[in-house]
Amino acid sequence: MLKEYPKEVTLKDGSKVTMRPVVREDEEALYQFFKVMSKEDRLYLRDDVANREIINGWMENIDYEKVLPILAVDGEKIVADATLHRNPHGWMRHVGEIRMSVAGSHRGKGLARIIAAEIYQQAVGFGLDKLVAEMLTIQKNAQRVFERLGFQEEAVLKNHGMDATGKKHDLIIMSNDVTTLWENWTEFSESVSGTWNMED
Amino acid sequence: MLLERYPQKVTLKDGTELVLKAMNKQDERALIDFFEGLEEADRLYLRNDVSSYRVVREWFNNLNYNRVFPLLAIHGDRIVANATLHRKPFGWMRHVGEIRIVVSPDFRKKGLAHTMFTELIHTAAEAGLDKLTAEMAASQTSAIEVFRKMGFKDETTLKGYIKDARDKVHDLLVLTLDIE
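Listed in order, the protein sequences are those of chains C and R.
For the first sequence, position 111 (counting from the first letter as 1) is numbered 139 according to my numbering, and the numbering increases by one without interruption.
For the second sequence, position 18 (counting from the first letter as 1) is numbered 7 according to my numbering, and the numbering increases by one without interruption.
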């Protein structure tokens, strides 16, 4: 499944990025990716990504079975990071969670949809039935991105998400039926902005 | 976590004496026996594949009371209940804890879940948590009743989020309790 990587992709502005799974050596680049994020963006991220120990902890324990991070790389720089989280042995073994971040420099180029499509492909390959995405109610952009990807709001948990300042927000759970999406795959891939060239 | 509280003797309302203690590496064999002693109906909905030796071994290799605080109820040399408080000390849900409780079939209806829950709520409050969650299949009516009696309210039902041991899909009910 991961043999198809690295893949080169052309964005709608003609620029190219390489998609590939994360490896141990990406720690510094990943730390930098989060470091250059605006304070506002980082305010609402679910993990304390400014904390080097946290990033290091992830990188020391890479396990694609549980967390599969796909990166979009432009030269040496990581410009997007999407992860598929699952528990292959548990009661939610048919459900995957998607989390993503796109660098400020690379927004508006259709990269969110492209990287989400990579995660979808992996989800289908793993036999998942459902993909979920979680975000704070204040993250309106994220909600729009996921709506355009076909996700629908499923639940709102009150005061469930605390931002970096300690302020509580409601947490939205959005979900997408993978099998339905796969049936509509052609329709979906055509809706992805930008040419999508897959080179071996 | 105030581990100085454990081990602790408790007496249930029917006079049964038990010891509560924090789980440690020595308890692995006893925990496997505990899960094997559950009835098929109980194991149908367990969230982890506890029959997998690998899964259980991973827990014991990664004991971290700041992430998962596992409280055991012991009768003689048997584990008769396992209650855990799960949390992530960093990130969005650092103020939220999740409670899971499993009681041996022969020790139910004695108020044991409630006793263990009281201990965990104490631990949660000390850790600065202000919200607790409990998750179960919408069809687990007895378990749901136990949590409702402890003050939890139904917060949301997530459709088709759970697959049982026979691969049948169920709705997931999330119950929550705000703690001060």
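Just so you know, even glycine gets a beta-carbon here, dropped at the ideal spot from N, CA and C.
Reduced DSSP secondary structure (H/G/I, E/B, other) of residue i
i	result
M105 of chain R	helix
A154 of chain R	coil
S41 of chain R	coil
Y72 of chain C	coil
F58 of chain R	strand
S129 of chain C	strand
D31 of chain R	helix
V152 of chain C	helix
K148 of chain R	strand
D66 of chain R	coil
D228 of chain C	Per-residue confidence for D228 of chain C stands at a pLDDT of 23, beneath the threshold of 50, marking its modelled position as unreliable; no derived number is given.
H122 of chain C	coil
L139 of chain C	helix
L52 of chain R	coil
R36 of chain R	coil
G222 of chain C	Note that G222 of chain C scores a pLDDT of 38, beneath 50, so its modelled location is shaky; the value from the coordinates is reported in the next line. DSSP places G222 of chain C in coil when its eight states are reduced to three.
Residue range of the alpha helix (DSSP H) that includes residue i
i	result
D87 of chain C	Reading the sequence as shown, one finds Met at residue 87 of chain C and not Asp. Element bounds for M87 of chain C: 80 to 88.
L9 of chain R	From DSSP, L9 of chain R is part of no alpha helix (DSSP H) but of the beta strand (DSSP E) over 6 to 11.
I168 of chain R	That residue, I168 of chain R, is in no alpha helix (DSSP H); it is neither H nor E in DSSP.
I21 of chain R	17 to 25
N169 of chain C	168 to 176
L58 of chain C	55 to 63
Residues sharing a beta bridge with residue i, DSSP
i	result
N204 of chain C	C:L159
V37 of chain C	C:V45
N71 of chain R	R:L61, R:V91
H197 of chain C	C:G189
H159 of chain R	R:I151
L229 of chain R	What the structure shows of chain R is the stretch from -10 to 169, and residue 229 of chain R is not part of that stretch, so it cannot be assessed.
L164 of chain C	C:L199
Bounding residues of the beta strand (DSSP E) (the contiguous stretch that carries residue i)
i	result
V184 of chain C	180 to 190
V(-1) of chain R	-3 to 0
Return the residues of the stretch 59 to 81 of chain R that lie within a Cβ-Cβ distance of less than 8 Å from chain C, sorted by chain order. F79, G80, W81
In chain order, what are the residue ranges of uninterrupted alpha helix (DSSP H) at least 4 long that sit wholly in the stretch 77 to 146 of chain R? 101 to 115, 130 to 138
Quick one: which unbroken alpha helix (DSSP H) runs of 4-plus residues sit fully inside the stretch 85 to 116 of chain C? Chain order, please. none
Residues from the stretch 51 to 77 of chain C in contact with chain R, defined by Cβ distance under 9 Å: Y72, L73, R74, D75, D76
Name the residues in the stretch 28 to 57 of chain R whose C-beta lies less than 8 Å from a C-beta of chain C; which are they? Y34, L35, R36, N37, D38, S41, V44
Under 7 Å, CB to CB, which of the residues in the stretch 104 to 123 of chain C have a partner in chain R? H117, G118, W119, M120, R121, H122, V123
Tell me which residues of the stretch 170 to 183 of chain C have at least one Cβ-Cβ distance to chain R shorter than 8 Å, keeping chain order. From the stretch 170 to 183 of chain C, only E182, A183 have a Cβ closer than 8 Å to chain R.
Check each residue of the stretch 146 to 160 of chain C: if its Cβ is closer than 9 Å to any Cβ of chain R, include it; give the result in chain order. D157, K158, V160
Determine which residues of the stretch 140 to 157 of chain R have a Cβ less than 9 Å from any Cβ of chain C, and write them out in chain order. E144, T145, T146, L147, K148, G149, Y150, I151, K152, D153, A154, D156
Listed in chain order, which residues of the stretch 180 to 204 of chain C have Cβ atoms closer than 9 Å to some Cβ of chain R? E182, A183, V184, L185, K186, N187, H188, G189, M190, D191, G194, K196, H197, L199, I201, S203
If the cut-off is 7 Å on Cβ atoms, which residues from the stretch 107 to 136 of chain R count as contacting chain C, listed in chain order? Near chain C, meaning a CB-to-CB distance below 7 Å, the residues of the stretch 107 to 136 of chain R are K120.
Residues within the stretch 78 to 103 of chain R neighbouring chain C, beta-carbon criterion of under 7 Å: F79, G80, W81, M82, R83, H84, V85
Give, in chain order, every residue of the stretch 76 to 95 of chain C whose Cβ lies closer than 9 Å to some Cβ of chain R. D76, N79, I82
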